[in-house]
Ligand SMILES: [Zn+2]
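Numbering (my numbering), first residue to last: 3 to 423.
Here it is in structure tokens:
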């Protein structure tokens with residue numbers, strides 16, 4: 003068999019909801035490459051985003067291919083069928099070479115009698131004292147504990163197996179990259195749980211190259227991390243140690259790495275992430291999506307005139323539909339509605355006032371994370387505008403693409419992959 007398609011050490015997921023920013027996004031990776039960091043772009047779009055926008059997976063592939071060709075990018079790139087399930091994977095099969103198998107909804111579902119016990123019997127090495135290189139305190143578990151944790155996750159693991167095998171049927175083994183995601187759930191997975199999940203995925207024959215657990219703390223869309231930073235750092239390092247251990251112990255792909263979802267704008271985490279990667283000599287996948295859409299609004303506003311007017315109109319529309327827009331994202335946003343300015347107020351704003359409120363510059367007193375989160379989930383309003391919105395993107399392409407590139411490079415790739423401290 004040919005060498006399996008392998009995800010590179012550092013990869014960065016970008017979302018391009020309206021399929022107009024692929025070049026601007028790729029330019030950020032080129033800037034990182036020029037300065038010595040090879041970060042592979044992965045264009046991701048979930049079924050939910052496609053449904054909201056009314057787009058097709060073929061469009062994501064075309065936009066990525068075109069950008070790569072136009073800019074002469076010689077390194078690899080991938081197109082990620084993001085957060086797919088058994089019932090949504092099919093339409094992505096001809097277009098994606100990266101699959102994020104989302105099994106969060108299967109966590110805690112009942113499994114066949116005896117299968118958790120069978121897992122615990124098969125994996126006696128997981129009970130007792132487990133010494134993992136890089137973790138100071140050995141894990142201390144019992145057989146009953148292993149069985150309980152297996153009972154919680156086996157149904158999700160079995161579902162991952164089903165979806166993986168469906169993709170194999172269509173694309174052939176080794177022709178795509180597999181990620182397993184469990185982040186869209188209420189409770190974080192602890193490092194000992196991650197070890198059991200990985201052992202079970204290995205048993206199930208899923209050769210995953212990245213895994214997206216739910217970490218401790220809040221990963222709200224488009225704004226910084228909210229939570230106990232020291233605890234996140236400890237957990238992140240333990241997860242890295244668990245992965246290195248599981249790769250050896252269970253024969254998982256050697257490049258298996260963590261995937262950080264809702265990874266955009268988590269500025270306070272990038273230092274701890276970078277130190278952890280250096281310590282373990284390992285890679286990471288960081289997934290972002292909506293941060294680029296927000297730069298489209300920033301670019302429109304910055305352009306002034308009709309661009310600013312459109313940005314104001316989108317805000318007014320988002321405010322009017324706040325309940326409907328926020329509902330599907332409840333676990334990943336925290337909006338204090340009393341901090342949202344009225345549409346009348348925003349309509350009086352200058353380009354500078356609008357940009358200051360929206361751009362993620364925590365040092366700017368005018369920055370408003372509530373307005374930013376509302377607009378983050380408000381892309382449906384722009385989607386409803388249809389051609390009128392796309393025309394505005396083309397009319398203000400220079401201003402927008404400058405913001406898209408700068409946001410990804412300055413605020414994301416640089417602190418994650420290039421800073422030395
Ligand atoms: Zn996710």
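Every residue, glycine too, gets a C-beta built ideally from N, C-alpha and C. For clarity, every value in this text was computed on a predicted model and none was experimentally measured.
Check: Where do the N-terminal and C-terminal ends of the alpha helix (DSSP H) with residue 260 fall, by residue?; Outcome: From DSSP, residue 260 is part of no alpha helix (DSSP H) but of the beta strand (DSSP E) over 259–262.
Check: As a quick exercise: from 144, 84, 110 and 331, pick the residue whose alpha carbon is nearest that of residue 16.; Outcome: 84
Check: Specify, as a first and last residue, the run of the alpha helix (DSSP H) that residue 13 falls within.; Outcome: Taken as a continuous stretch (DSSP letters only), residue 13 belongs to no alpha helix (DSSP H), being part of the beta strand (DSSP E) at 12–16.
Check: Can you give me the C-alpha to C-alpha distance between residue 148 and residue 274, rounded to a whole angstrom?; Outcome: 30 Å
Check: So residue 11 and residue 278 are in contact, right, with Cβ under 8 Å, and what is the actual spacing, rounded?; Outcome: With 8 Å as the limit, residue 11 and residue 278 do not qualify as a contact, their Cβ atoms being about 14 Å apart.
Check: Out of 121, 191 and 220, state which residue places its alpha-carbon closest to the alpha-carbon of residue 237.; Outcome: 191
Check: Which residues in the same chain as residue 111 place their Cβ atom closer than 6 Å to its Cβ, once the five residues preceding and following it in sequence are excluded?; Outcome: 157
Check: Between the region 320–327 and the region 288–305, are three or more C-beta pairs nearer than 8 Å?; Outcome: no
Check: Please report the distance separating the alpha-carbon of residue 314 from that of residue 24.; Outcome: 25 Å
Check: Sorted by chain position, which residues of the same chain lie with C-beta nearer than 7 Å to residue 180's C-beta, five sequence neighbours on each side aside?; Outcome: 101, 103, 166, 208, 209, 210 and 211
Check: Can you say whether residue 140 is buried or exposed, counting buried as having 16 or more other CB atoms within 10 angstroms of its CB?; Outcome: exposed
Check: Would DSSP call residue 209 helix, strand or coil?; Outcome: coil
Check: Can you tell me which of the three DSSP states residue 37 falls into?; Outcome: coil
Check: Classify residue 366 as buried or exposed, calling it buried when 16 or more other Cβ atoms lie within 10 Å of its own Cβ.; Outcome: exposed
Check: Is DSSP giving residue 179 helix, strand or coil here?; Outcome: strand
Check: Opposite residue 81 in the DSSP bridges: which residues?; Outcome: 45
Check: Is the beta carbon of residue 404 less than 9 Å from the beta carbon of residue 22?; Outcome: no
Check: Assuming contact is defined by CB atoms lying nearer than 9 Å, are residue 217 and residue 185 in contact in what I supplied?; Outcome: yes
Check: Tell me where the alpha helix (DSSP H) around residue 189 begins and ends.; Outcome: First-last for residue 189: undefined, no H or E at that position.
Check: May I ask whether a heavy atom of ligand 1 can be found less than 8 Å away from the beta carbon of residue 333?; Outcome: no
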